[in-house]
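Here's the structure we're looking at; comments come further down.
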Amino acid sequence: MTAPDADRKSVSATVRANAVLLGGMKKQAQARGFTIMCDEGPPLGENTAPAPMTYFAVSILF
Numbered sequence: 155m156t157a158p159d160a161d162r163k164s165v166s167a168t169v170r171a172n173a174v175l176l177g178g179m180k181k182q183a184q185a186r187g188f189t190i191m192c193d194e195g196p197p198l199g200e201n202t203a204p205a206p207m208t209y210f211a212v213s214i215l216f
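The sequence shown begins at 155 in this note's numbering and counts up by one.
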């Protein structure tokens with residue numbers, strides 16, 4: 155993404171990602187060369203990684 159021009163009224167960005175289901179509620183995603191894992195806590199998942207809502211909540215803090 156580039157810095158917006160002073161005359162420009164909007165900016166757009168594209169984020170590409172791929173995700174695969176690893177079993178149960180565990181998923182693995184790739185974006186910009188990074189691998190991100192997620193899972194749910196019991197009883198839905200095995201609590202092996204943060205839940206998707208945890209990533210969402212933390213993203214707001216950034």
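From the three backbone atoms N, C-alpha and C, an ideal C-beta is built for every residue, glycine too.
Just so we're clear, the structure is a prediction, and the values are computed from it rather than from any experiment.
Distance CB(Met180)-CB(Thr202) smaller than 8 Å: The residue asked about is misnamed: residue 180 is Lys in this sequence, not Met. A contact, by the Cβ cut-off of 8 Å.
beta-carbon Thr208 near the ligand GDP non-hydrogen atom, thresh 7 Å: Absence of the ligand GDP from the depicted structure is noted, as is the absence of any ligand whatsoever, leaving it without description.
Ala183 - containing beta strand (DSSP E), residue span: 180–185
Distance CB(Ala171)-CB(Ala160) smaller than 8 Å: no
Proximity to Thr168 [Cα-Cα], best of Gly178, Arg186, Arg162: Arg186
Phe210 - containing alpha helix (DSSP H), residue span: 206–215
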